[in-house]
Each structure stands twice: as C-alpha cells, then as structure tokens.
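Residue numbers (the numbering used here), protein chains in the order written: chain A, 1 to 733; chain B, 1 to 733.
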C-alpha cells in the first residue's frame with residue numbers, strides 16, 4: 001500500500017541540534033504519522049495573505065517544523081516563497097501527513113490521490129460535511145469510504161488543524177494566531193475556535209502543550225483514539241478535552257477510565273441543556289447525550305469536569321504547574337483578613353480542611369510575628385505582610401508535616417510592592433514537592449511575567465475562590481488515583497431462561513411484560529422477589545392465597561395501570577379469605593372507576609413482604625451511551641427531589657458502594673433516629689446483578705424495580721414490583 | 001457644641017471650575033461632614049515616606065481635594081511641604097472631618113480635642129481596639145463614650161479610610177494605591193484590604209465611585225447608616241457592600257429592603273462557614289450570623305448576593321455599564337459554535353430564555369448571511385464573523401422586539417483582529433436602551449482600553465458564563481423592583497392571654513411547655529389545633545376520650561420525650577374504650593422500656609386529625625438577627641434533605657406566598673399524580689400568624705409546629721403537635 005522504503009535510522013532527533021536531521025525519525029504509521037510526521041503536504045496552500053491555506057502554511061514554517069513542508073496548488077508555481085506542486089502525486093518525496101484545505105467538492109479527489117501517494121495521515125480542514133446535514137452527510141460517508149479503502153487515519157473534516165509541539169517535531173498545522181510553547185499537555189477540542197481561545201490563554205499563562213488536535217466532525221479519529229495515544233505518550237502528563245458530544249461513548253469510557261488513573265483528565269462538556277445541545281448538533285453534527293448521563297459518565301471515568309472554560313484554564317494551570325497534594329489540609333498565609341476569610345469559607349465549603357500548625361511552626365511564628373498578627377490558620381500578617389515575611393514564613397509551612405497544600409494570599413493595601421511579594425511567593429516553591437498557589441489581588445501586571453521568568457512558578461490567581469477550587473480538584477484527583485478499581489463480580493444466572501422469556505415479547509409491541517414474567521426474569525438473576533400468582537376472578541385469587549399462605553397483597557395486574565396504590569388498585573396485608581374477597585370487590589370497583597372492564601383484568605396475589613425502607617433500582621437505555629443504571633429512594637418525596645444516582649455498567653463492587661452512598665437520602669438507609677441500617681451489602685450486590693443483567697440482556701430497553709423493600713435483615717429484603725419493556729415497537733399481532 | 005459660625009453661602013461648588021471656591025459648600029453635619037467635608041485635618045500625618053500618615057496626606061493632595069487639608073503633628077513644623085499644627089486645637093480654621101492615625105493610646109486624647117474643636121466627623125484609622133479583644137474592647141468603649149459625649153459621627157476604628165469622589169469633593173482619605181475615578185457607585189467594605197483590591201480592579205475597568213468607606217470595627221457608623229445616606233444620595237445609583245457580619249441586623253434589614261427597591265445592592269458576605277466566621281471574628285471583632293440565616297436575610301432584603309469578589313466585580317460592571325433589561329429573552333451573536341453552545345447552556349440553566357427572532361430580523365439575516373452560517377439563536381457567523389458583520393447585525397437585534405438582552409461573542413480563530421470586533425461591539429450600544437454584553441475570548445489587551453475610550457462601553461467579559469450570570473442578575477433585579485411589596489397582615493389575637501401563659505414559664509427552667517399550654521398559645525393566635533386533654537392514668541384517659549369523642553390519638557405527654565412515634569409512644573386512630581385501654585397499656589410498657597416510670601408520666605388524649613400531607617412550621621432565635629421563621633415538609637425524608645425555607649419576620653402576604661413555594665418539596669403540596677393541592681392560602685396565613693407571634697412574644701426562644709397536617713379542605717388542616725421553649729434557663733424552684 002505504501003511506495004516508500006521503510007526508514008532504517010531509528011534514533012530520535014536531537015531536539016537541541018541546530019541542523020535539521022534528515023530522516024532523523026523513523027517513518028511513522030497511524031497516529032504517529034499524524035502527531036510526529038517528518039513530511040507534510042499542504043493541499044490547498046494559497047498565495048493570498050489572510051487565506052486559510054496561506055496562514056496555515058505560514059504557521060508551519062514560523063513554528064520551525066522539524067521536517068519538510070510541501071505546498072500543493074493547482075496553478076501557482078510557488079506559495080509563500082516555497083516551490084508548489086500541482087498535485088500531491090507530483091511531490092518527489094514521501095509524505096507522512098497531508099493537510100487538506102481545498103473546497104469541499106474537491107476533497108474526495110485529493111484524498112484519493114493521497115491514498116495513491118501512500119500518505120499515512122490526513123487532516124481535513126475543509127467544511128461542508130455532516131455539520132450541514134443532508135448532502136453534507138452523504139459527502140462525509142463517501143469521504144470515509146475512501147479513507148478506509150486506503151487505510152488512512154484522518155482528523156476532521158471541518159476542523160482547525162493540529163499542533164504537535166514536542167521539541168523534535170514543532171508542527172503548528174493550524175490557521176490560528178495562538179502559539180503556545182512546548183509542554184506536557186495534550187489538548188483535544190471539538191470546537192476549533194474555543195480551542196484556539198483556550199490556547200491563547202495558555203500562551204499567556206506559559207503553559208506549553210505536547211499536542212493540540214481540533215477534531216472537527218471526528219469522522220475517523222475520535223476522542224478515544226487520541227486518549228489512547230496520550231495514555232502511553234511520554235511527552236504528555238496532563239490531558240484536556242473540550243467536547244460537545246461523547247464521540248463513541250463505549251470506547252471513550254473504557255479508555256478514559258484507564259487514562260485518568262495515570263494522568264489528570266480535565267473535561268469541559270458543553271451542550272448541557274436541550275437548547276445548548278440543539279446548538280451543538282448544528283455545530284459539528286453530533287448528537288449530545290443528556291447532561292445527567294454525561295455527568296455520571298465523566299464522573300465514573302475519573303474525569304475532572306470543569307463547568308466553564310475559565311475553570312478549565314485554572315485547573316490546567318494547577319495540574320501543569322504544581323505537584324499533587326498528599327492530603328486535604330490547607331495552610332494559608334495572608335496579609336489581609338477579608339481574603340483570608342473568603343478563602344477559608346471556600347476551603348471548608350469545598351470539603352478541604354484547614355491545617356493545624358505543628359508545634360514547631362507555632363513557635364517559629366510566635367518568635368517572628370508581632371502581637372497584632374493573627375497566628376491561627378490563616379496566619380494574618382496585617383501590616384507586617386512584606387516580601388520578607390513571605391520569604392521567611394512560607395518555608396516553615398512547606399516544612400510543616402501537618403500542611404498538605406499552601407495558599408499564599410496578598411492584597412496590596414500598604415506601601416508594599418505586590419510584584420515583590422508575588423515573586424517571593426513564586427520563588428518559595430523551589431525544591432519543595434508540596435503544592436502552593438498564590439493569590440495576588442492586585443493588577444495582573446504585577447505577576448503576569450512570573451511564569452515566564454521562573455521555571456517552577458506556582459499557579460497564581462487573582463481571587464481566592466478559584467485557587468481553592470484548583471486545590472480541591474487536585475486533592476480529589478489524588479484520591480481518585482488511590483481509589484481501588486474494585487472488581488466486576490460475575491453472578492451465576494440463568495441468562496438463557498431470561499432471554500427465552502424476553503424473546504417472547506421482543507418485537508411484539510412496546511408494552512410492559514406481565515408482572516409474573518418480570519419477576520421470573522429477576523429470579524433468573526438471583527433477585528429476592530415476593531412470590532406472585534396471576535389470577536382471574538375471586539376463586540382463582542383465593543386458591544392462589546391458599547398456595548402462597550396468608551398474609552398476602554392483592555393488586556390489579558393490568559400492565560397499563562401505573563401508580564396503582566394511588567387509585568386504590570392495591571390492598572396490603574390481607575389476613576384471610578374474607579378480607580381477600582373484600583379486596584377483590586374493592587379493586588373491581590376501582591377498575592370500573594378507572595373506565596376499564598374489571599372482568600377483562602387479571603389480579604395478582606402476592607406474598608406480603610415485611611415493610612421496610614423502599615428504594616428504586618432501574619436500567620434506562622440512553623440512545624448514545626447505552627444502558628445506564630439508576631438508583632434512588634422510593635416514594636413521592638424523592639421523585640419530587642430528583643435524588644437519583646446513575647452509573648454506566650459494568651460497575652465494580654467499589655462503584656456499587658459509592659453509588660449507594662451518592663444519593664442525598666443515603667442517611668435514611670443508614671438509619672436515622674436510632675434505626676438500624678438496612679442490608680447495604682445486599683443492596684450493593686443487587687446493583688451489581690442489575691449491571692450484569694443490563695449487559696447480558698440487550699433486548700431490555702427499560703427496567704424498573706419499584707419498590708425494592710429493604711430491612712436490616714437481608715432475608716427481609718424483597719423486590720415487590722417490577723416493570724420490563726423490551727425492544728420492538730411493532731404492534732402486537 | 002460647635003464654635004463655628006454657620007455658613008451662609010448655600011450654592012454648591014461648580015465642579016468644572018478651575019479655581020477652588022472658598023466656603024463654597026454649606027457647613028455640613030452628620031454623614032455630610034464625613035462624605036462632603038470642606039476641611040480635613042490629618043491627625044498623625046508624618047513626614048516619613050511610606051508611613052500611613054504621609055501616604056494618606058499625599059492621597060488627599062494628589063486626588064485634588066476640593067477643600068483644605070491640615071496636617072497635625074506634635075513636633076514637625078511641616079509635613080509633605082504643608083504647614084503642620086501641634087494639635088487640632090491649634091488650627092485657626094474650622095474642621096469638618098478629622099482623620100486620626102495616632103498610636104492607639106493617644107486616640108482618646110485626640111478625639112477629645114476634636115470634640116473641643118467642634119469637628120463634625122471622625123475617621124479613625126488607628127488599630128488596637130475591639131479586634132484584638134480584652135483591653136482593646138475596653139478602649140473601644142471609652143472611645144465611643146467620647147464620640148457620643150461630643151456628638152460626633154465616627155468611621156472606624158481599625159479602618160483604611162474613605163473616599164468621596166463627587167466632582168465637587170474629590171477626597172481620597174485612604175492610604176492605599178487604588179484610585180478609581182468619579183462615578184455613581186457607593187461602596188462599603190468591612191475589610192479595607194479587600195475593598196482596596198476591588199477598587200483597583202474597578203479602576204482597571206473604569207468603573208467610577210461616588211464613595212468608598214472602609215468601616216473597620218464600625219463602632220459608631222454602621223452599614224445601615226451609609227445605606228440610608230445612599231438611599232437618597234443623588235450621586236449614587238448602585239451600592240456594593242463587602243460584609244463579614246451583618247452589623248445591626250434589624251436596622252440593616254429595614255434600610256436595605258428599602259434601598260434595593262431603588263438601587264441595585266450587590267453584597268459579598270463572607271464568614272459563611274464556621275471556620276470562616278472564626279477568622280472573621282478575629283478580623284474585625286464582629287460575630288457572624290450563621291450563613292443560612294444571612295442568606296435568607298439578604299434574599300429578603302432584595303440584595304444581590306455575589307459568591308466571590310470576582311462575581312461582585314462582574315455584577316457591578318453590569319449594573320454600572322448597562323441599562324436594566326425589560327425581560328428574560330437573550331439573543332446571541334457569535335462567530336464560533338463552541339462558545340455559543342456554552343452561553344446557551346448557561347442561559348437555560350440559569351433560568352433565562354433564548355429569544356426567538358422576529359420575522360423582520362429573520363428576513364434581514366437571511367439576506368445578509370451565506371448558507372453556512374447558522375440562523376437560529378445563537379446566530380453563528382462562522383467564517384463570516386468580521387467587524388462588518390457585527391456592525392450590521394447587532395443593530396437588528398437591538399431593534400428586534402423579541403429580544404430583551406444581547407450577547408455578542410467573539411473567539412478569534414481567523415484572520416480577524418479581535419480589537420476591531422470588540423470595538424464594533426462596544427460602539428453598537430450607542431443610543432439603545434437595551435443591555436448588551438460582549439464576550440471577547442482573546443487577549444485582554446484587545447479590549448481592555450475600550451471602557452476608557454468609549455463612554456457608554458458595555459461590559460465585556462473574557463468568558464461567556466460570567467456574562468450570562470450578569471444578565472441573569474440584572475433581569476432578576478428588574479423582577480425584584482416590579483415585585484409588589486405586599487402587606488403585613490395583622491391578626492386579632494389574644495396576645496395578653498398568650499403572654500400570661502408564657503409568663504408562668506419564663507425563668508423557670510429551660511424545658512418545653514406542656515403540650516396543653518402550647519396548644520392554648522397557638523389557639524390565641526388563631527391556629528387550628530386538634531383538641532387535647534392531659535390525663536393521668538387509664539380512667540382519666542377514658543373520660544377525656546368520652547369528652548372529645550372517638551376516634552382519638554393517645555400519646556405519652558412527657559416533655560423530655562422526642563420522636564414519640566419512633567419508640568411507640570403514640571397510638572393513632574383509637575376507635576373505642578377497649579382500644580384506648582390497650583393503647584394505654586402499650587405506651588406504659590414503651591415508657592418503661594425507655595427507662596422512665598410510667599406512673600409519673602401523663603398521657604395526652606387528642607382528637608384524631610384527618611390524615612394528610614405533613615409540614616413543619618417554626619421559629620428559631622438567631623443570636624444576632626433575632627427571630628427567624630422556618631417552613632418545610634414534615635417527615636424523615638425532608639429532615640435528611642434539609643429542605644427548609646427561612647424568612648425574617650415580619651413577612652408580608654407576598655413573602656408568605658414565596659416562602660411556601662421556596663422549598664424543593666413544594667410540588668408535593670400542589671399535588672402530584674393527580675392529587676388536589678392542599679389549602680395553600682391557609683398555610684400562607686399560618687406563616688403570617690407565626691410571624692406576628694414571633695414579634696409579639698419575645699419570651700419565645702424556640703417554637704415548633706410539628707406536624708401541621710394539611711388537606712385540600714381548610715377545615716381539615718390541623719396543628720397536631722407543638723413545642724415551645726421560653727427565655728430563662730434558671731433551674732425550676
């Protein structure tokens with residue numbers, strides 16, 4: 001498929017060398033060709049200043065790409081002082097990466113030529129594909145067919161290009177003004193413009209990148225492909241994603257969960273609201289998952305979700321410019337009470353702790369500070385807050401074993417130069433492996449230059465709250481890294497029988513399964529259910545009660561009835577035949593009142609479960625993400641409160657434990673006012689069984705166990721009612 | 001008390017005049033002397049550069065104070081090239097305002113001399129008072145005695161000074177670097193340093209102020225004094241407060257509620273958490289109210305609470321640089337999908353609406369834009385997002401009657417100069433009375449100069465979310481202004497009888513009143529209660545039941561028992577004598593199990609109330625704020641969820657209506673799954689009655705109506721149980 005000879009020299013380029021090394025990198029394949037190319041063709045390079053083709057070419061040259069770039073133009077003999085070729089096929093050398101900027105109707109031909117030429121990777125900037133719908137979507141399909149036919153890997157179409165800033169590559173193949181330096185952040189953006197604006201901010205903060213990829217419509221290369229690459233990339237320590245959709249959620253989930261254990265993964269996911277999602281879908285032609293699912297998804301991946309681009313920048317500054325903390329205890333040094341209070345509020349509200357100084361620190365502070373200064377945490381220097389004081393006290397806090405993180409605040413009320421204090425804070429970090437953040441509440445110009453001048457300059461923010469947010473997320477991330485993965489438990493189940501039962505209903509209409517079959521499916525997966533018999537008429541009901549033994553519950557079986565207990569469709573705790581006959585008559589009347597014919601409706605006789613605390617377990621199927629597990633307290637209150645925990649299967653035992661504790665109503669399960677806790681381990685096991693069911697039985701589109709009654713004794717925990725709906729909305733024959 | 005002649009010339013100074021006007025303002029009294037003085041003495045002006053006394057004096061001169069300043073120094077013949085006086089008594093002219101910077105032990109003598117001299121107002125910078133506790137608090141008391149003796153008004157002690165920037169005053173009597181221009185914002189800060197840092201930011205944003213007051217320990221002048229001044233001050237349109245405590249909450253509440261109806265009142269209240277409050281109390285010696293109470297307090301005042309200083313700055317930029325919107329509909333113009341999506345998310349999440357373009361706008365956009373641009377809201381210009389496009393399209397959005405607010409977004413991906421687009425956005429507002437905010441996601445330098453160059457420059461932010469927050473709060477504020485005040489309803493009550501009952505228990509111990517007396521007090525205030533009789537032994541219980549009529553409830557009366565239904569201390573729905581005897585025996589056993597002697601415990605027989613939805617009403621007494629009304633759903637769920645609404649009495653009918661709707665569980669009262677709503681008007685009335693009780697009966701320290709059972713029929717709404725505790729923790733005799 002390729003015409004080139006395989007490269008023989010394997011040694012990487014010497015980044016510090018002044019002379020370009022010919023054939024210095026091996027001929028790369030796959031994503032390597034995209035991110036570490038030796039030769040780049042710009043197809044659609046144009047001579048006119050201000051055009052995308054010319055600016056992109058210019059960026060490649062100006063960034064000092066460590067390789068050769070070839071402009072391709074149908075007519076011009078040269079572009080931007082470089083010899084131009086009429087077609088990529090005319091280039092006499094091998095091409096690793098082709099950047100394509102031609103009008104949309106020419107893209108297919110160019111890509112075909114790239115395939116003939118043996119190009120390895122493509123970056124298609126051209127727009128007019130899936131994002132405009134209709135014919136655009138068709139055009140994208142044709143494009144992908146060519147890409148697959150030639151075994152290429154492609155970024156785009158409809159993207160802004162890519163950067164690869166390792167010192168031995170230095171490729172800026174975008175057409176935008178941002179020019180961040182070389183660093184250790186891998187950054188992917190589904191919006192080129194937003195990515196650019198973030199890169200410009202990074203440039204100002206002197207946060208360098210390893211790669212930037214604007215993935216556009218991500219027809220071929222998706223976020224999970226790049227995450228996989230970054231997982232093992234020695235040039236990348238921190239990963240940032242701006243996403244409008246979850247790409248291929250199943251693969252992304254798997255890869256992201258792995259990556260986040262090794263490298264912090266900061267994500268902005270927009271399109272949170274329906275209106276936002278509509279805007280997102282017209283933007284890159286991608287459908288958004290609903291935000292609650294996306295939130296559960298990202299949380300479970302260990303991704304750190306930033307709500308705003310500003311927050312993302314702050315978090316990246318933290319992860320790129322400070323070591324991870326070893327605990328939650330923050331020590332604060334300030335020269336001003338107000339900001340100290342606001343920082344303390346933010347720390348305690350956010351779930352971190354205020355450090356308690358060690359004896360040694362206390363003594364040292366005592367010797368140094370006048371009576372008026374406050375020795376607690378925060379240490380408030382008041383008028384003694386000079387550069388000198390910061391230089392003397394910060395090392396004590398670095399040395400204090402009771403302090404995991406440091407925050408140095410300065411508000412310039414006095415005759416102290418904020419630039420000097422900022423420098424003292426920035427320099428204090430040197431040689432210490434404890435995170436410090438500075439907060440300088442003065443003109444930005446007093447500290448803006450520090451990240452460029454001081455190589456290990458800590459993050460500096462203009463206000464305390466964002467600084468606390470950064471410390472919080474850094475601490476939380478270390479906890480995530482330490483968190484055991486847990487294991488996905490497998491349960492012996494009668495998958496076969498369950499599928500047989502479900503199979504009877506697939507494609508037979510969109511209604512719910514009869515309760516008796518629902519319960520049987522749950523029993524196949526080891527759920528404790530309250531035995532139930534479907535009956536027709538009073539005689540059958542009495543016989544069923546005899547069989548099950550009193551006390552029983554009697555309820556209407558009709559699958560179209562919901563909230564049965566609200567309209568009198570359920571009678572609990574029936575103790576004898578006489579009461580059962582009464583219940584039967586009562587429900588008959590209630591059904592009539594509902595406008596149905598009671599003679600056509602079956603009844604359910606069920607063993608009466610021990611009363612207890614009620615919860616709901618369920619499976620929903622998200623159109624993009626697939627099955628999602630739900631858990632919440634039962635009853636009307638919690639329905640109104642929307643207090644639901646959500647996870648993507650498969651869940652581990654650790655996930656299940658966290659899921660049970662994630663709802664606000666969890667204290668009710670632990671027991672309030674002296675109650676005993678319910679059988680929490682059994683509940684966790686039920687969630688894991690549900691997780692297995694959700695993956696084992698793809699025909700299920702909806703599953704609700706509502707209610708499940710829980711008690712302290714596992715033997716008194718029972719699924720009392722359930723609903724299952726399966727695939728296939730065909731009308732019943 | 002004053003030695004000066006009263007001024008005769010009444011005409012205000014001509015601000016534009018180049019020549020200072022002698023005696024141009026009338027001799028001012030009270031806060032006028034503080035904020036519009038003609039002559040200022042700086043007692044403690046010192047020659048040494050960098051000292052507080054010298055820098056403050058310098059600030060007064062450099063800001064071109066429109067009046068005379070006199071340095072006072074015990075020895076130096078001149079300070080900063082100005083003739084100095086040994087004592088304020090030596091100054092030959094009248095002094096309106098004395099700024100005191102002498103060491104703490106000399107403050108009293110100086111203040112006494114100020115009194116003798118006939119000075120009208122003081123600003124005491126000196127520290128070492130209540131904020132250091134103990135002797136400092138004593139020193140502050142002595143200081144206040146002198147202030148009161150001489151009829152002075154004082155800012156401080158322990159403050160950073162004040163500014164008064166009306167063009168005819170131009171006094172900067174602080175010792176800090178910030179130098180905001182003349183404008184229409186009144187700003188008070190309990191932290192001088194934080195205030196200064198906010199002022200520096202305002203300077204950068206070109207937001208001018210009318211006044212800045214650092215109130216320090218606020219021994220005399222408190223936040224409500226300044227609010228009262230600003231309420232009618234023609235120089236002030238917007239008010240900002242940074243507070244660590246609520247000062248005199250009752251007065252502040254009254255004044256703030258009035259001010260907020262006329263001028264936006266933006267508040268940062270720190271010391272939210274216990275740790276933060278501890279830090280706050282060591283800072284200015286003030287005790288913080290708990291944050292939930294502070295939150296209810298500020299909300300009810302119509303104050304706009306900013307969570308961070310950054311948010312406060314953004315909100316002030318909005319209120320100072322944009323007109324108020326007339327509705328919630330936002331129109332967005334963007335050149336980039338990603339930021340447009342993020343803005344849309346923020347708008348919908350925040351409770352605003354996306355505007356629907358009028359037919360006229362749609363047609364005009366259609367004519368102007370190429371096919372690729374998105375015509376929905378946001379309008380996404382994509383590559384057509386040049387300066388020209390913004391200049392053409394923004395006027396259409398200003399003219400569109402379906403648009404209440406405009407957001408113009410720009411992310412600079414292309415070859416467009418962001419400074420030009422920023423200017424186009426800034427200039428678009430001219431002549432329109434509709435708010436517009438710009439979001440320029442580029443280097444700050446591209447738009448930073450605009451507020452200085454364009455007089456009516458709209459707010460410009462670097463990220464969309466903060467811009468949305470500003471629009472949201474501006475909209476919300478217009479709604480607050482339109483919101484009817486409502487009326488405080490008075491109810492005929494037997495206040496006298498209630499006080500007689502309560503009086504029996506005041507000072508007699510800290511326990512709760514017997515249920516029968518609680519119920520009687522509630523009946524005095526017109527609450528519907530379930531009749532109840534206290535009984536001793538089974539015979540009395542049977543007699544009581546005869547008297548009340550079956551069905552009844554029987555419960556343990558012991559005031560030390562809580563959560564009676566949890567341990568079997570309550571039997572409901574007793575239908576006859578036999579069942580009552582059974583209940584009596586059952587509760588007797590339950591009391592024994594609790595370790596008490598059942599023969600010493602009384603029982604309560606109560607008419608059985610119709611079951612319904614349960615709520616809790618209550619009064620707590622906050623040590624600073626005083627009585628606070630509470631309302632929430634009853635039961636364990638909501639206890640765990642902490643779903644409580646809080647208001648400060650007296651509440652109006654509008655307050656009561658909002659309070660009922662403020663809890664998350666409100667849909668349960670409205671009815672879910674086809675239930676009828678409960679008697680909401682009666683519930684609101686109960687809250688107003690409770691409000692009256694809380695103010696009528698200051699002996700109450702705690703009051704709980706728990707539960708109150710509500711039903712659709714007002715006749716079936718009943719207070720079933722209640723607890724009252726009164727003042728006086730003395731042991732019972």
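Where is the CB? At the ideal position from N, CA and C, for every residue including glycine.
>> My output table needs one value for residue 741(B): the three-state DSSP class, helix, strand or coil.
In response: Only positions 1 to 733 of chain B appear in the structure, and residue 741(B) is not among them; the question remains open.
> Going along chain B, which residues have a C-beta under 8 Å from residue 672(A)?
Replying inline: 636, 639 and 640
>> Mapping the DSSP letters down to three states, classify residue 41(A) as helix, strand or coil.
In response: strand
> Below 8 Å, can you find three or more Cβ-Cβ pairs linking the stretch 308-326 of chain B to the stretch 235-247 of chain B?
Replying inline: yes
>> DSSP three-state label for residue 522(A), please.
In response: helix
> Within the 8 Å Cβ cut-off, does residue 424(B) reach chain A?
Replying inline: no
>> In chain order, what are the residue ranges of uninterrupted beta strand (DSSP E) at least 3 long that sit wholly in the stretch 399-486 of chain B?
In response: 405-410 and 436-440
> Taking Cβ-Cβ distances below 8 Å as the criterion, which residues of the stretch 676-699 of chain B are in contact with chain A?
Replying inline: none
>> Tell me which residues share the same chain as residue 451(B) and place their Cβ nearer than 7 Å to its Cβ, disregarding the 5 neighbours each side in the sequence.
In response: 205, 206 and 457
>> Is the separation between the beta-carbon of residue 736(A) and that of residue 637(B) shorter than 8 Å?
In response: For residue 736(A) there is no data in the structure shown, the boundaries of chain A being 1 and 733.
> By how many angstroms is the C-alpha of residue 651(B) removed from the C-alpha of residue 658(B)?
Replying inline: 10 Å
> In chain A, what lies closer than 8 Å to residue 242(B) by C-beta?
Replying inline: 338
> Using a C-beta cutoff of 8 Å, does residue 200(B) count as contacting chain A?
Replying inline: yes
>> I'd like the list of long-range same chain contacts for residue 662(B), defined as Cβ closer than 6 Å, with 5 residues on each side in sequence excluded.
In response: 645
>> In chain order, what are the residue ranges of uninterrupted alpha helix (DSSP H) at least 4 long that sit wholly in the stretch 630-676 of chain A?
In response: 636-641, 653-661 and 666-670
> In three-state terms, what does DSSP make of residue 172(B)?
Replying inline: strand
> Going by DSSP, which residues form a beta bridge with residue 703(A)?
Replying inline: 619(A) and 724(A)
> By the 10 Å Cβ neighbour count, where 16 or more other Cβ atoms means buried, how is residue 715(B) classified, buried or exposed?
Replying inline: exposed
> Can you name the start and end residues of the beta strand (DSSP E) that residue 154(B) belongs to?
Replying inline: 153-155
>> Would residue 176(A) and residue 196(A) be called neighbours here (beta carbons separated by less than 8 Å)?
In response: yes
> Which chain B residues sit within Cβ distance under 8 Å of residue 372(A)?
Replying inline: 127, 128 and 132
> Can you list the beta strand (DSSP E) stretches of 3 or more residues lying completely in the stretch 197-279 of chain B, in chain order?
Replying inline: 209-214, 238-243 and 265-269
>> To be precise: take each residue of the stretch 180-196 of chain A, compare its Cβ to all Cβ atoms of chain B, and keep it if any distance is under 9 Å. Which residues remain?
In response: 189, 190, 191, 192, 193, 194, 195 and 196
> Quick one: what does DSSP say residue 3(B) is sitting in, helix, strand or coil?
Replying inline: Caution applies to residue 3(B), whose pLDDT of 40 falls short of 50 and renders its modelled position unreliable; the value that the coordinates give is listed next. Reduced to three states, the DSSP call for residue 3(B) is coil.
> Thinking C-beta only, is residue 87(B) closer than 8 Å to residue 72(B)?
Replying inline: yes
>> The alpha helix (DSSP H) that contains residue 35(A), what's its start and end?
In response: 31-35
> At which residues does the alpha helix (DSSP H) containing residue 680(B) begin and terminate?
Replying inline: 680-696
> According to a CB-to-CB cut-off of less than 9 Å, which residues of the stretch 653-671 of chain A neighbour chain B?
Replying inline: 664, 665, 666, 667 and 668
>> Check this for me: beta carbons of residue 590(A) and residue 569(A), under 8 Å apart or not?
In response: yes
>> At a CB distance below 8 Å, what residues from the stretch 299-319 of chain B approach chain A? Give them in sequence order.
In response: 307, 308, 309 and 310
> Hey, is the stretch 263-272 of chain B in contact with the stretch 242-255 of chain B, meaning 3+ C-beta pairs nearer than 8 Å?
Replying inline: yes
> Is there a Cβ from chain A that is less than 8 Å from the Cβ of residue 82(B)?
Replying inline: no
> Beta carbon of residue 647(B), beta carbon of residue 526(B): below 8 Å?
Replying inline: no
> When you compare only the Cα positions, how much space is there between residue 693(A) and residue 599(B)?
Replying inline: 58 Å
> Between the stretch 293-305 of chain A and the stretch 500-510 of chain A, are three or more C-beta pairs nearer than 8 Å?
Replying inline: no
> What residues in the stretch 450-467 of chain A bring their beta carbon closer than 7 Å to a beta carbon of chain B?
Replying inline: 463 and 465
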